[in-house]
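Position one of the sequence shown corresponds to residue 349 (our numbering), numbered consecutively onward.
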Amino acid sequence: MSKYAAILFSSILAVTISGANAAEDRTEAYKSLLTKRVSMVALLANPSNYDNKQVCVDGILHNVYEDDTLYLNREMADALIKTNGFGLHYNEKELLLFPQSGQRKVARDYFHNKLCAVLGTFKASNGTLENITALWEDGGAKKH
349 MSKYAAILFS SILAVTISGA NAAEDRTEAY KSLLTKRVSM VALLANPSNY DNKQVCVDGI
409 LHNVYEDDTL YLNREMADAL IKTNGFGLHY NEKELLLFPQ SGQRKVARDY FHNKLCAVLG
469 TFKASNGTLE NITALWEDGG AKKH
């Protein structure tokens, strides 16, 4: 009996630790949102100042087939004016998505054409945000 109790305890401990790690990841991502926030205008005006740095940028996420771009505003997104936006590179399975529901949201379906905050590494050479780790609806205005 004690063998099964030890296995049960180990399983509960592992689940608790993984849940704590997920909560810690979400907290760290939110802190990054607050401390690494950069306006898209600043990135467009002085891209070399942010090259290879992790930044959090607000914009309209246009997320459709062959167009993963964060635009300055909805008009630029509707007209597909990419000079006022940044291409996005991410692994959708590894993204932290805010808000999160019981069912995993798919970034392509849920966040398309919405105001979002995006956390990733800025590459000035090609004007992209890469290694994106988190997306917030409403520009992260609310802590989720």
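Think of the CB as a built atom: it goes at the ideal place given N, C-alpha and C, for glycine as much as any other residue.
Sheet register partners of residue i (DSSP bridge)
i: Asn411; result: Asp416
i: Phe446; result: Trp484
i: Val389; result: According to DSSP, which records beta bridges pairwise, Val389 is partnered with nothing at all.
i: Glu478; result: Thr469
Coil, strand or helix - residue i by DSSP
i: Val466; result: strand
i: Lys471; result: strand
i: Gln451; result: Low per-residue confidence applies at Gln451: pLDDT is 48, beneath 50, and the placement is therefore not dependable, though the value from the model is reported in the following sentence. In this structure, Gln451 counts as coil in the three-state DSSP scheme.
i: Asn397; result: helix
Top-ranked residue by Cα proximity to residue i, from the options
i: Glu485; options: Leu428, Asn397, Cys404 and Ser396; result: Cys404
i: Pro395; options: Leu443, Lys471, Ala482 and Thr417; result: Lys471
i: Glu423; options: Val389, Asp415 and Ile408; result: Ile408
i: Asn421; options: Asp415, Glu414 and His410; result: His410
i: Ile429; options: Thr383, Leu418 and Val389; result: Leu418
i: Asp457; options: Val412, Leu391, His437 and Leu392; result: Val412
i: Leu483; options: Ala393, Asp416 and Asp399; result: Asp416
i: Glu376; options: Ser473, Phe446 and Phe459; result: Phe446
i: Asp406; options: Asn432, Asn439 and Asn474; result: Asn432
i: Glu440; options: Asn479, Asp426, Phe434 and Asp399; result: Asn479
Start and end residues, alpha helix (DSSP H) containing residue i
i: Leu428; result: Where Leu428 is concerned, there is no enclosing alpha helix (DSSP H), given that its DSSP letter is neither H nor E.
Proximal residues to residue i (C-beta, below 8 Å), its chain only, five neighbours per side dropped
i: Val389; result: Leu420
i: Gln451; result: For Gln451, the pLDDT reaches just 48, beneath the cut-off of 50, and the residue's location in the model is therefore unreliable, although a value from the coordinates is still provided. Taken in chain order, the list of residues that qualify is empty.
Cβ-based neighbour list, residue i, same chain, cut-off 7 Å, excluding 5 preceding and 5 following
i: Asp373; result: Leu444
Cβ shell of residue i (< 6 Å), same chain only, five flanking positions each side left out
i: Lys384; result: Gln402, Val403 and Cys404
i: Leu467; result: Ser380, Cys404, Thr481 and Ala482
i: His460; result: Asn411
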